[in-house]
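Enquirer: Handing you a structure now.
2 protein chains.
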Amino acid sequence: MSNHIEQYIEKGKQTIEHVLNNLINRDSIPKNLYDSMIYSLFAGGKRLRPILLFASYEAYEMNVSKVHKTAAALEMIHTYSLIHDDLPAMDDDDFRRGKLTNHKKFDESTAILAGDALLTKSFEIIASDEQLTNKEKVFLIQSLANASGPEGMVGGQILDIEGESTSLNLKQLETVHKLKTGKLIKFAIIAGAYLANTDEEIMNHLKKFAKYLGLIFQVQDDILDIEGDPEKLGKPVGSDVDNQKSTYPNLLGLDGAKKQKEIYIEKATEALTLAKANNSYLMDLLHYFGEREY
Amino acid sequence: MSNHIEQYIEKGKQTIEHVLNNLINRDSIPKNLYDSMIYSLFAGGKRLRPILLFASYEAYEMNVSKVHKTAAALEMIHTYSLIHDDLPAMDDDDFRRGKLTNHKKFDESTAILAGDALLTKSFEIIASDEQLTNKEKVFLIQSLANASGPEGMVGGQILDIEGESTSLNLKQLETVHKLKTGKLIKFAIIAGAYLANTDEEIMNHLKKFAKYLGLIFQVQDDILDIEGDPEKLGKPVGSDVDNQKSTYPNLLGLDGAKKQKEIYIEKATEALTLAKANNSYLMDLLHYFGEREY
Numbered sequence: 127m128s129n130h131i132e133q134y135i136e137k138g139k140q141t142i143e144h145v146l147n148n149l150i151n152r153d154s155i156p157k158n159l160y161d162s163m164i165y166s167l168f169a170g171g172k173r174l175r176p177i178l179l180f181a182s183y184e185a186y187e188m189n190v191s192k193v194h195k196t197a198a199a200l201e202m203i204h205t206y207s208l209i210h211d212d213l214p215a216m217d218d219d220d221f222r223r224g225k226l227t228n229h230k231k232f233d234e235s236t237a238i239l240a241g242d243a244l245l246t247k248s249f250e251i252i253a254s255d256e257q258l259t260n261k262e263k264v265f266l267i268q269s270l271a272n273a274s275g276p277e278g279m280v281g282g283q284i285l286d287i288e289g290e291s292t293s294l295n296l297k298q299l300e301t302v303h304k305l306k307t308g309k310l311i312k313f314a315i316i317a318g319a320y321l322a323n324t325d326e327e328i329m330n331h332l333k334k335f336a337k338y339l340g341l342i343f344q345v346q347d348d349i350l351d352i353e354g355d356p357e358k359l360g361k362p363v364g365s366d367v368d369n370q371k372s373t374y375p376n377l378l379g380l381d382g383a384k385k386q387k388e389i390y391i392e393k394a395t396e397a398l399t400l401a402k403a404n405n406s407y408l409m410d411l412l413h414y415f416g417e418r419e420y
Numbered sequence: 127m128s129n130h131i132e133q134y135i136e137k138g139k140q141t142i143e144h145v146l147n148n149l150i151n152r153d154s155i156p157k158n159l160y161d162s163m164i165y166s167l168f169a170g171g172k173r174l175r176p177i178l179l180f181a182s183y184e185a186y187e188m189n190v191s192k193v194h195k196t197a198a199a200l201e202m203i204h205t206y207s208l209i210h211d212d213l214p215a216m217d218d219d220d221f222r223r224g225k226l227t228n229h230k231k232f233d234e235s236t237a238i239l240a241g242d243a244l245l246t247k248s249f250e251i252i253a254s255d256e257q258l259t260n261k262e263k264v265f266l267i268q269s270l271a272n273a274s275g276p277e278g279m280v281g282g283q284i285l286d287i288e289g290e291s292t293s294l295n296l297k298q299l300e301t302v303h304k305l306k307t308g309k310l311i312k313f314a315i316i317a318g319a320y321l322a323n324t325d326e327e328i329m330n331h332l333k334k335f336a337k338y339l340g341l342i343f344q345v346q347d348d349i350l351d352i353e354g355d356p357e358k359l360g361k362p363v364g365s366d367v368d369n370q371k372s373t374y375p376n377l378l379g380l381d382g383a384k385k386q387k388e389i390y391i392e393k394a395t396e397a398l399t400l401a402k403a404n405n406s407y408l409m410d411l412l413h414y415f416g417e418r419e420y
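Protein chains in written order, with our numbering: chain R, 127 to 420; chain D, 127 to 420.
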């Protein structure tokens with residue numbers, strides 16, 4: 127991985143953390159709830175979704191500060207989903223990225239409410255963003271709600287839980303990922319390009335790019351669960367195999383999964399070239415997603 | 127209570143249930159999630175918030191269909207909050223209005239996700255409402271998110287939980303209720319009047335009205351926990367006294383609580399008169415709130 131993209135990622139990370147830090151008003155939120163929201167917002171996230179949003183916007187426009195708050199709202203939704211996913215009734219995880227999960231650090235009711243609060247706040251942040259027109263706000267809110275609600279991420283989470291007790295075929299597995307992680311990744315790409323005023327043709331190519339990017343993200347996740355470094359990942363590996371969970375390697379074998387990833391990378395590259403973004407950071411991020419080690 | 131207002135409430139209830147029934151697309155949501163969302167949406171809610179929104183709009187404008195979807199979004203947020211409040215980690219209730227709570231009918235993870243889905247969907251519904259301008263949508267989303275998020279309902283829920291283990295004074299108790307139930311009731315009033323294009327002066331009187339209406343709602347809730355009919359309420363009474371929970375009667379005595387309610391009713395009536403809505407259904411609803419038996 128080139129030094130170039132790593133610098134871009136690091137800069138994006140700092141930017142989004144600065145924006146997030148200034149968005150939530152300590153004085154108007156009960157202390158315990160505020161602490162719990164902030165704890166998870168700053169629990170070491172990779173900030174990939176905001177960085178994708180920045181890169182998508184910057185492939186077509188300057189002045190990336192226009193998308194800062196939208197990116198923050200997106201990261202808050204991602205964070206809420208992790209808090210709820212970790213709950214005892216869901217994945218029942220005590221640690222995430224080497225830190226206590228929200229309900230272990232605080233308690234279960236606080237974690238549920240901190241998730242609810244982050245989700246709700248994200249829409250308020252977009253609706254209050256003074257840099258956007260009303261038309262832009264409405265487009266973003268509609269897209270983000272659709273991507274994260276019952277027809278998107280939450281729907282994918284239900285299917286994922288159901289999939290743990292049945293075996294899925296490749297098509298069903300792709301549906302789960304398309305909803306659970308794909309739709310928010312797609313939102314990042316679409317929101318950036320929309321705010322940069324791209325035309326419909328480019329948008330259609332970007333939608334295709336985003337689809338494959340989401341799948342690459344997931345197949346790499348599955349591969350890392352087999353041959354990743356637990357130190358770098360901040361979590362144990364091999365849990366998917368033990369659980370006989372439907373994953374790419376369990377369905378296609380490890381080599382098959384890697385080949386599938388290459389097919390996705392090829393298709394994503396093609397779409398990005400057609401979207402005239404072949405020289406953008408999006409292209410570097412595509413390879414970063416495919417090769418990431420954590 | 128006059129027959130008049132009861133008819134209005136019954137008609138509003140039918141309207142909102144019809145609207146809700148057509149808003150959620152069965153085909154694009156995983157079956158179990160869809161069933162769980164619909165179960166709680168149609169679990170016998172009184173629909174008071176949508177009815178207040180209708181009445182607020184109709185105090186100043188005709189053609190109430192303009193606010194139908196906003197009212198549905200509001201009811202979905204209220205429903206999500208009940209699902210999450212009932213969870214084992216929160217109030218741990220098995221029954222609500224004589225029916226199994228969501229996590230008892232389905233399971234805990236489904237209940238958490240159904241709540242998340244309803245919350246998220248509510249913002250999508252407003253953003254997609256073809257009857258509203260973008261400016262109106264943004265105003266509604268910003269207000270609704272603020273009313274239901276960490277500076278509103280979710281914040282109130284945290285304070286309410288914390289209040290169970292400490293004793294609150296009257297001012298602290300009012301703060302809890304203002305956030306936990308008051309802000310959504312206020313949203314109902316404000317949203318209706320805003321969509322009816324009322325001027326700022328009227329809006330200010332309505333905000334005061336809404337504040338007292340919320341408090342009346344709560345003090346009556348506390349009174350019903352002492353002298354209500356468990357049959358009509360669909361839940362046992364006396365639990366607040368047993369729990370030594372901070373309530374109006376526990377703080378002021380039963381008679382004191384009733385006197386406090388009368389003071390609130392007087393103030394609400396005054397504000398409503400100044401808002402030139404003294405001949406509206408809002409006035410009837412004010413008394414209905416104060417005298418309701420369930």
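All C-beta atoms, glycine included, are put in the ideal place defined by N, C-alpha and C. These numbers were taken from a predicted model, which means no experiment stands behind them.
Between Val345/D and Tyr320/D, which are expected to be in contact by the criterion C-beta below 8 Å, what is the C-beta distance as a whole number of angstroms?
Expert: On the second sequence, position 219 is the one that residue 345/D refers to. On the second sequence, position 194 is the one that residue 320/D refers to. Not really, about 27 Å apart at Cβ, beyond 8 Å.
Enquirer: Just the chain D side, please: which residues come within less than 8 Å of Phe335/R by C-beta, in chain order?
Expert: Against the first sequence, residue 335/R aligns to sequence position 209. Under the 8 Å cutoff, chain D gives no residues; its nearest Cβ is about 23 Å from Phe335/R.
Enquirer: Would Ala215/R and Asn228/R be called neighbours here (beta carbons separated by less than 8 Å)?
Expert: As a working note, residue 215/R is residue 89 in the first sequence. As a working note, residue 228/R is residue 102 in the first sequence. No, these two residues do not count as a Cβ contact at 8 Å.
Enquirer: For Ser469/R, which residues of its own chain have a beta-carbon under 7 Å away from its beta-carbon, when the five flanking residues on both sides are left out?
Expert: No information on residue 469/R is available, as it lies outside the stretch 127 to 420 that chain R covers here.
Enquirer: Candidates Lys384/R, Glu419/R, Gly416/R and Leu411/R: which alpha carbon is nearest Gln133/R's?
Expert: For the purposes of this step, residue 133/R is taken as residue 7 along the first sequence, with counting starting at 1. Cα-wise, what sits closest to Gln133/R is Leu411/R.
Enquirer: Using a Cβ-Cβ cutoff of 7 Å, what residues of the segment 259–284 of chain R are near chain D? List them in chain order.
Expert: Asn260, Lys261, Lys263, Val264, Ile267, Gln268, Ala271, Asn272, Ser274, Gly275, Pro276, Glu277, Val280, Gly281, Gln283 and Ile284
Enquirer: Mind checking His303/R: buried by the 16 CB within 10 Å criterion, or exposed?
Expert: Counted from its first residue, the first sequence places residue 303/R at position 177. For His303/R, the number of other beta carbons within 10 angstroms of its own is at least 16, and it is reported as buried.
Enquirer: Report the CB separation of Ser162/D from Ala273/D in whole angstroms; it is logged as a contact under 8 Å.
Expert: Within the second sequence, residue 162/D is the residue found at index 36, counting from 1. Within the second sequence, residue 273/D is the residue found at index 147, counting from 1. At roughly 24 Å, the Cβ-Cβ gap does not stay under 8 Å, so Ser162/D and Ala273/D are not in contact.
Enquirer: Among all the DSSP beta bridges, which residues are the ones paired with Leu226/D?
Expert: Reading the second sequence from its first residue, position 100 is the one you call residue 226/D. Answer is Phe221/D, bridged to Leu226/D.
Enquirer: On the DSSP letters alone, give me the boundaries of the alpha helix (DSSP H) that Glu256/D sits inside.
Expert: As a position in the second sequence, residue 256/D is number 130, starting the count at 1. Run containing Glu256/D: none; DSSP gives neither H nor E here.
Enquirer: For the alpha helix (DSSP H) that contains Gly278/R, what are its first and last residues?
Expert: Sequence index remark: in the first sequence, residue 278/R carries index 152 (1-based). Looking at the DSSP string, Gly278/R is not in any alpha helix (DSSP H), and its letter there is neither H nor E.
Enquirer: By alpha-carbon positions, which one of Asp348/D, Leu208/D and Val193/D ends up nearest to Tyr183/D?
Expert: As a position in the second sequence, residue 183/D is number 57, starting the count at 1. With distances taken between Cα atoms, Tyr183/D lies closest to Val193/D.
Enquirer: Taking 8 Å as the cut-off, decide whether the C-beta atoms of Leu245/D and Tyr206/D are in contact.
Expert: By one-based count along the second sequence, residue 245/D stands at place 119. By one-based count along the second sequence, residue 206/D stands at place 80. Yes, these two residues count as a Cβ contact at 8 Å.
Enquirer: Along chain R, in chain order, which residues have C-beta atoms closer than 8 Å to that of Glu201/D?
Expert: As a working note, residue 201/D is residue 75 in the second sequence. The premise fails here: Glu201/D is roughly 16 Å from chain R at the closest Cβ pair, so nothing lies under 8 Å.
Enquirer: Please list, in chain order, the residues of the segment 245–257 of chain D that have any C-beta partner in chain R closer than 9 Å.
Expert: Leu245, Thr246, Lys247, Ser248, Phe249, Glu250, Ile251, Ile252, Ala253 and Ser254
Enquirer: Does the separation of the CB atoms of Ile342/D and Tyr390/D fall below 8 Å?
Expert: The count along the second sequence starts at 1 and reaches residue 342/D at position 216. The count along the second sequence starts at 1 and reaches residue 390/D at position 264. Result yes, Cβ atoms of Ile342/D and Tyr390/D sit closer than 8 Å.
Enquirer: With Lys384/R as the anchor, note down where its alpha helix (DSSP H) starts and where it stops.
Expert: The residue you call residue 384/R lines up with position 258 of the first sequence. Per DSSP, Lys384/R belongs to the alpha helix (DSSP H) from Tyr374 to Leu400.
Enquirer: When burial is assigned at 16 or more other CB atoms within 10 Å of the CB, is Phe168/D buried or exposed?
Expert: Taking the first residue of the second sequence as position 1, residue 168/D is located at position 42. Exposed, since its Cβ has fewer than 16 Cβ neighbours within 10 Å.
Enquirer: So, does the CB of His331/R fall closer than 8 Å to a CB anywhere in chain D?
Expert: For this step, residue 331/R is matched to residue 205 along the first sequence. So no, His331/R is outside the interface.
Enquirer: Give me the Cα-Cα distance between Glu201/D and Asp219/D, rounded to the nearest whole angstrom.
Expert: Looking up residue 201/D in the second sequence gives position 75. Looking up residue 219/D in the second sequence gives position 93. Approximately 20 Å between the Cα atoms of the pair.
Enquirer: Is there a Cβ of chain D sitting closer than 8 Å to that of Ala215/R, yes or no?
Expert: Along the first sequence, read from residue 1 onward, the residue named residue 215/R stands at position 89. With 8 Å as the cut-off, Ala215/R counts as an interface residue toward chain D.
Enquirer: Three-state secondary structure (DSSP) at Pro356/R?
Expert: Counting from one through the first sequence, the residue named residue 356/R turns up at place 230. Looking at Pro356/R - three-state DSSP - the assignment turns out to be helix.
Enquirer: Kindly indicate which residue of Asp255/R, Leu310/R and Leu258/R has the alpha-carbon position closest to the one of Glu277/R.
Expert: Stepping through the first sequence from its first residue, residue 277/R is reached at position 151. Comparing Cα positions, the closest option is Leu310/R.
Enquirer: Evaluate Met279/D with the Cβ neighbour count: other Cβ atoms within 10 Å of its Cβ, from every protein chain shown; 16 or more gives buried, anything less gives exposed.
Expert: For the purposes of this step, residue 279/D is taken as residue 153 along the second sequence, with counting starting at 1. Buried, because 16 or more other Cβ atoms sit within 10 Å of the Cβ of Met279/D.
Enquirer: With contact counted as at least three CB pairs below 8 Å, one residue from each stretch, are the segment 283–301 of chain R and the segment 145–156 of chain R in contact?
Expert: no
Enquirer: Is the shortest distance between the beta-carbon of Leu159/R and the beta-carbons of chain D less than 8 Å?
Expert: For the purposes of this step, residue 159/R is taken as residue 33 along the first sequence, with counting starting at 1. Yes, because at least one Cβ of chain D sits closer than 8 Å to the Cβ of Leu159/R.
Enquirer: Comparing C-alpha positions only, which one of Asp348/D, Asn295/D and Ala401/D sits nearest to Lys384/D?
Expert: For the purposes of this step, residue 384/D is taken as the residue at position 258 of the second sequence. Comparing Cα-Cα distances from Lys384/D to each of Asp348/D, Asn295/D and Ala401/D, the minimum goes to Asp348/D.
Enquirer: Verify whether the separation of the beta carbon atoms of Val145/D and Ala181/D is less than 8 Å.
Expert: Along the second sequence, read from residue 1 onward, the residue named residue 145/D stands at position 19. Along the second sequence, read from residue 1 onward, the residue named residue 181/D stands at position 55. The answer is no: Cβ separation not under 8 Å.
Enquirer: Please go through the same chain and pick out, in chain order, the residues whose beta-carbon is closer than 7 Å to the beta-carbon of Lys358/D, but skip the five residues on each side of it.
Expert: Reading the second sequence from its first residue, position 232 is the one you call residue 358/D. Answer for Lys358/D: Glu419 and Tyr420, listed in chain order.
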